[in-house]
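What follows is a short report on a single structure.
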Amino acid sequence: MAAGVASPMLRVTALGALGGLAAGPLVLLAVTSVAHHWYWPALVPPQWSLRAWAYLATPGAGVIEAAATSAILGTVVAGTAVAMALPAARALAARHVRGRRVVLFGLLLPVLAPPLAAAMGLHSVFLRLGLTDSHLGVALVHLVPAVPYATLVLAGSVANFDTDLEAQARTLGARPAQVWWHVILPAVAPGLAVAGIFAFLISWSQYLLTLIVGGGRVLTLPLLLVGFVRGGDEAVGAALSLVFIAPPLVLFAGVARLLREFR
Amino acid sequence: MRTGRLRHGFSVVLCAGVALAAGCAPEPAGPDLRAADLAATPWETIRAHARGTTVHVGMWAGDEARNRFFQGPVTEAVAAELGVTLRITPLADVADLVSKLLNERRAGRRSGGSIDVVWINGENFRTARQAGVLWGPFADHLPNIVHYPDAAKHRDFGTDIDGFEAPWEVAQFVFAYDTARITDPPRTLGALRQWIERHPGRFTYPAVPDFTGSAFLRHVLVHASGLDPEAFLHFDEARYAAASARALDFLAAIRPHLWRGGETYPATPADLNRLFVNHEIDFSMNYSPSFASDRIARGEFPETVRTFVLEEGTLSNYSYLAVPFNASNPAGALAVIDHLLSPAHALARVRAIGGLFPQSVESLTPGDRQAVALLPRGPATLAAETLARHRIPEPDAEYLVRFERDWLREVLQQ
Chain V
1 MAAGVASPML RVTALGALGG LAAGPLVLLA VTSVAHHWYW PALVPPQWSL
51 RAWAYLATPG AGVIEAAATS AILGTVVAGT AVAMALPAAR ALAARHVRGR
101 RVVLFGLLLP VLAPPLAAAM GLHSVFLRLG LTDSHLGVAL VHLVPAVPYA
151 TLVLAGSVAN FDTDLEAQAR TLGARPAQVW WHVILPAVAP GLAVAGIFAF
201 LISWSQYLLT LIVGGGRVLT LPLLLVGFVR GGDEAVGAAL SLVFIAPPLV
251 LFAGVARLLR EFR
Chain R
264 MRTGRLRHGF SVVLCAGVAL AAGCAPEPAG PDLRAADLAA TPWETIRAHA
314 RGTTVHVGMW AGDEARNRFF QGPVTEAVAA ELGVTLRITP LADVADLVSK
364 LLNERRAGRR SGGSIDVVWI NGENFRTARQ AGVLWGPFAD HLPNIVHYPD
414 AAKHRDFGTD IDGFEAPWEV AQFVFAYDTA RITDPPRTLG ALRQWIERHP
464 GRFTYPAVPD FTGSAFLRHV LVHASGLDPE AFLHFDEARY AAASARALDF
514 LAAIRPHLWR GGETYPATPA DLNRLFVNHE IDFSMNYSPS FASDRIARGE
564 FPETVRTFVL EEGTLSNYSY LAVPFNASNP AGALAVIDHL LSPAHALARV
614 RAIGGLFPQS VESLTPGDRQ AVALLPRGPA TLAAETLARH RIPEPDAEYL
664 VRFERDWLRE VLQQ
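One line per chain: the protein sequences are V and R, in this order.
Quick note, the first sequence lines up with residues 1 to 263 if you use our numbering.
Quick note, the second sequence lines up with residues 264 to 677 if you use our numbering.
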């Protein structure tokens, strides 16, 4: 009886604590972006100012263009990464593949290497290919960390897929394309959505690869943000951080809802 | 198996796509101007070459006032006077660009680079110069270079400039305190040590490799040695051994009395400023002499904050503008740099974003001299004469590299 009373309360407290942990930094950023003269011993900001937000809205600040560039890059990278990752994940999920672990480890190498070393190596390769200082080059270089992540995420959901279903569909006269469209894709769709989000986020948050391979010609949100966060203007840094966090949050919420509908 | 062939075919299509894209990339155009031809090229020819082009300037862009100034008045002035489109590329750390240039040099990409002008100095200039990734020499050919003192043109953190960068802004290290808490701050290194020992936990400095933390360490290195700061202009092994031993003694002695017992250090000046305004520590420090005034204006510091310098002097340096070896538009780069070296730009910049006036007043017209005298100064910024009287030069960069390493080993990891 006592346990029955305590456990819902415990659950609410635990959920509240988790929610607070997640929301706390966002609230702090939101307050910092509008606070004026906010320091000890003031618990709440004594004055408010929209200076930072007004700056982000000025055309010269380039925030809107950078956000658009980031969003287009992220979408292209997510789509391409998922398209590349799905066949790879299916191959890896097949148990008879020899050296699976070696391939998995190889896939993770670009993610495991120190960022600067990896960026410099990739830059050399892209220079030889003539792909530097361009949007195409930046999209391709974002694929290098995005594809392994997407593959790993997809491998999990593909492993649960019963390949006998494909055989059944083909026995019933479905062409390969029909098997893909009507059988495989619906079954792995939730996995694809999650892998796509991962790939989008990886592209969305790249700083070094975008700067080095894009040569500063491809201006994304992280390029604007990092300067403000490293030793600069706190309010603008906080406002820009919120602009940076908002789209992924919306995306997550949307996909979470989609996944619930699938169940 | 059929699915196997399908997978294979998919990757072939992708590779073909990449190769096609690579083949289609346009060949970069060759430079329109070579540094070797500069002496024989009249300035008017360079301006004519520059007209109608776009110049990409790589610089730190993390401050609202600064960004507004460059995106607004400077871009407009460059368009009106030179017919040049200015594009600012935000660089959080110039070292990233230098790494990129090193890669491009190794790959033989001698033209078509993405950046035409870069704001640089110190260690990054040394690395770039030694690796041969800068275009020049050019600085002595700029008409407006006459407005800068000779001292700014020769050596940058001990590295010979040889015309590969042009002086632009000047900075000087200052400490900040809050007059609401402290009436008389310690104004010598010895007094600072006594103050720290008497007020445990109330002082700290950013850990290297942070730029501000590194500058604080250099003050200790130079002043604890008891030597003339000029003695550090050229690297000397024996001098370093003696000076670093004394400086490390000083830092080890204050360490237990620092914030959190010296077990941890703030990582950035932003962290240091937050500790300062939240009354966890009583001093901040910065390489920008107007940083406290800027933060008062932004509502980040209380109005009672003031700055001070050490009696022995504080480090001062120029920052410079350079041209990458593979700049796409060297003529445009030179025209823009010369504009940024003009007295009109220097006056407008100090008015808009603070800082020190970097040029020698003797070189100016009477009208400009008067304008310099009337330049506004923030409430927490020291008078230009006070700063000038306490100005000491930066040591050779080798001292900095060595002492940062020794600090990590002897102080941080003890």
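Note that the Cβ used here is the ideal one computed from N, Cα and C, for glycine as well.
Fair warning: this is a prediction, and the values are worked out from it, not measured in the lab.
Below 8 angstroms on the Cβ atoms is my guess for aspartate 545 of chain R versus isoleucine 445 of chain R; work out the distance and round it to an integer in Å. 6 angstroms
Give a yes or no on whether the minimum CB-CB distance between glutamate 339 of chain R and chain V is below 7 angstroms. no
Using the Cα positions of leucine 365 of chain R and alanine 391 of chain R, report the straight-line distance between them to the nearest angstrom. 8 angstroms
Check for me: the alpha helix (DSSP H) holding valine 613 of chain R runs from which residue to which? 606 to 616
The beta strand (DSSP E) with asparagine 384 of chain R in it runs from where to where? Here asparagine 384 of chain R belongs to no beta strand (DSSP E), and DSSP marks it neither H nor E.
Between aspartate 684 of chain R and lysine 416 of chain R, what straight-line distance do the alpha-carbon atoms span, to the nearest angstrom? Past the boundaries of the shown model lies residue 684 of chain R; chain R is included only from 264 to 677, so the question cannot be answered.
Rounded to whole angstroms, what is the Cα-Cα separation between alanine 533 of chain R and threonine 577 of chain R? 21 angstroms
Selected residue, minimal CA-CA separation from proline 406 of chain R, among R:Gly395, R:Ala302, R:Val381, R:Ala611: R:Ala302
Do the CB positions of glycine 385 of chain R and asparagine 589 of chain R come within less than 7 angstroms of each other? no
I'd like to confirm the pairing. Which residues does DSSP put opposite tryptophan 48 of chain V in its beta bridges? V:Ala35
Hey, how far is the Cα of proline 469 of chain R from the Cα of histidine 135 of chain V? 37 angstroms
Tell me which residues share the same chain as alanine 611 of chain R and place their Cβ nearer than 7 angstroms to its Cβ, disregarding the 5 neighbours each side in the sequence. Pro336
Helix, strand or coil at aspartate 164 of chain V according to DSSP, with G and I counted as helix: helix
Assess contact between the segment 560 to 580 of chain R and the segment 589 to 606 of chain R, defined as three or more Cβ pairs (one per stretch) separated by less than 8 angstroms. Is contact present? no
Under three-state DSSP, which class holds proline 658 of chain R? coil
Within 7 angstroms, strictly: CB atoms of leucine 92 of chain V and arginine 100 of chain V: yes
Is the shortest distance between the beta-carbon of histidine 182 of chain V and the beta-carbons of chain R less than 7 angstroms? no
Between histidine 417 of chain R and chain V, is there a C-beta pair that is closer than 7 angstroms? no
Looking at C-beta atoms only, is the number of pairs between the segment 162 to 182 of chain V and the segment 58 to 75 of chain V that lie closer than 8 angstroms three or more? no
In the DSSP assignment, find the unbroken alpha helix (DSSP H) run with glutamate 625 of chain R in it and report its ends. Per DSSP, glutamate 625 of chain R belongs to no alpha helix (DSSP H) and is neither H nor E.
Contact set between the segment 164 to 188 of chain V and chain R, restricted to residues whose Cβ is under 7 angstroms from the partner: Pro176
One or two residues paired with leucine 578 of chain R in a DSSP bridge: R:Ile655
7 angstroms Cβ cutoff, proline 124 of chain V in contact with chain R: Sequence check: residue 124 of chain V is serine here, not proline. Closer than 7 angstroms: yes.
Length of the line joining the Cα atoms of arginine 373 of chain R and glutamate 367 of chain R: 8 angstroms
I want to verify the contact list: residues of chain R whose CB lies under 7 angstroms from the CB of aspartate 233 of chain V, in sequence order. Gly325, Asp326, Glu327, Arg561
Reducing DSSP to helix, strand and coil, say where tyrosine 550 of chain R ends up. coil
Residues within the segment 541 to 557 of chain R neighbouring chain V, beta-carbon criterion of under 7 angstroms: Asn541, His542
Have a look at the DSSP bridge pairing and note the partners of valine 320 of chain R. R:Ile351, R:Val380
Going along the segment 368 to 394 of chain R in order, which residues come within less than 9 angstroms of chain V, judged by CB to CB distance? Arg369, Ala370, Gly371, Arg372, Gly375, Gly376, Ser377, Ile378
Could you confirm whether any beta carbon from chain V is found closer than 7 angstroms to the beta carbon of proline 262 of chain R? A query on residue 262 of chain R cannot be resolved here, the shown segment of chain R reaching from 264 to 677 and no further.
Between valine 275 of chain R and the rest of its own chain, which residues show a CB-CB distance below 7 angstroms, the 5 nearest in sequence each way excluded? At valine 275 of chain R, the pLDDT of 37 sits below 50, so the modelled position is not reliable and the matter cannot be decided from this model.
Since leucine 604 of chain R and alanine 429 of chain R should fall inside the 8 angstroms C-beta cutoff, what is the C-beta to C-beta distance between them, to a whole number of angstroms? 6 angstroms
List the residues of chain R whose Cβ lies closer than 8 angstroms to the Cβ of glutamine 47 of chain V, in chain order. Gly562
Taking C-beta to C-beta, are glutamate 566 of chain R and threonine 451 of chain R nearer than 7 angstroms? no
Local conformation of proline 190 of chain V per DSSP, three classes: helix
Collapsed DSSP secondary structure at valine 12 of chain V in the structure displayed: helix
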